[in-house]
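**Q** For the sequence shown, this note's numbering begins at 2 and goes up steadily by one. Glycine residues also receive a C-beta, built at the ideal position from the N, C-alpha and C atoms. For clarity, every value in this text was computed on a predicted model and none was experimentally measured.
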Amino acid sequence: MTVPDIRGSSPELPPPSQPIFNLPPVITWLAGILIAIHVVSTLFLSRDAAFELIIAFGFLPARYSADFLPGVALPGGAGADVWTFLTYAFLHGGWAHLFVNVLWMAVFGSAVARRLGTLRFLLLSALCAISGALLHLYLHFGEPVPMIGASAAISGQMAAATRFVFQDGGPLGTFRRADNAAYLVPAKGVVDSLANPRVAMFLTVWFGINLVFGLISTPFGGSSGSVAWEAHIGGFVAGFALFSLFDPVPRRRG
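#1: Cα separation between T205 and A161?
#2: Kindly indicate which residue of F100, V186, G77 has the alpha-carbon position closest to the one of T88.
#3: May I ask you to list the residues that DSSP assigns as paired with M148?
#4: Using the three-state DSSP reduction, which class does S66 fall into: helix, strand or coil?
#5: If I follow the unbroken alpha helix (DSSP H) through R121, where does it start and stop?
#6: Return the first residue and the last residue of the alpha helix (DSSP H) that T29 is part of.
#7: Does the distance from the CB of S111 to the CB of G157 come in under 8 Å?
#8: On the CB-based measure, 16 or more other CB atoms within 10 Å of its CB, does S132 come out buried or exposed?
#9: Roughly how many angstroms separate the alpha carbons of A50 and L35, rounded to a whole number?
#10: Taking all protein chains shown into account, do 16 or more other C-beta atoms lie within 10 angstroms of the C-beta of R64, making it buried, or fewer, making it exposed?
#11: Just curious, the alpha helix (DSSP H) that V103 is in, first and last residue?
#12: In whole angstroms, what is the alpha-carbon distance linking V146 and T175?
#13: Could you check what DSSP says for Q158 in three-state terms: helix, strand or coil?
Here it is in structure tokens:
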């Protein structure tokens, strides 16, 4: 029997294991916060307390109408007139509603967070949520039905992602770059992005799905409310249009 000479060699070690969910920390934290809020509101609050939570932090178009319950103080008071433009995004109507939003945030929000960094990502997401609420308010002014859910913010994240993920070298583009470099490919402007067939197809499918939801107005996630598809569109348009203001990567021309 011979003994192999192993001098000068090193054992072949297995490659380091990769985490199952390789998400940016801000995505993990946001998902945890959304889940924790829903757990508390559904498992630990009474029915009346949960209703007051939705009125105080959900977006209620009737709050801005002088004809709605004049002389009656709504939960949240005057402060809710301001903060509900954003806080509605942290509440959800059911576990299915929450799961779908967290899933899409993990897919598209992660790409945007890797590119923008935590602060820029949060600011853009907040503006998308606010834009969704503004469009919903314009189209449903005075209605006494609260709107909740992070869909407008996440729609904005999806739109922001389309500005770069389909570009050559991007995560979903041709000739994908390796690792994080794929998330740093130069983005094109709004008009040039629309000329990309993949972007155009994604936008067509996305808007088509939301218009169908709007037409059938199907209750979502087991809740009694319908899909606030107008808020989705408001958030999406904001994310697509405002992305360049937050993008740290120099933009590609032409």
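**A** Concretely, from the data shown:
#1: 15 Å
#2: Closest in C-alpha terms to T88, from the list F100, V186, G77, comes G77.
#3: F60
#4: Reduced to three states, the DSSP call for S66 is coil.
#5: Run containing R121: 119-140, per the alpha helix (DSSP H) assignment.
#6: Residues 26-40.
#7: no
#8: buried
#9: 18 Å
#10: buried
#11: 96-105
#12: Straight-line Cα distance between these residues: approximately 45 Å.
#13: Q158 sits in a helix when the DSSP states are folded into three classes.
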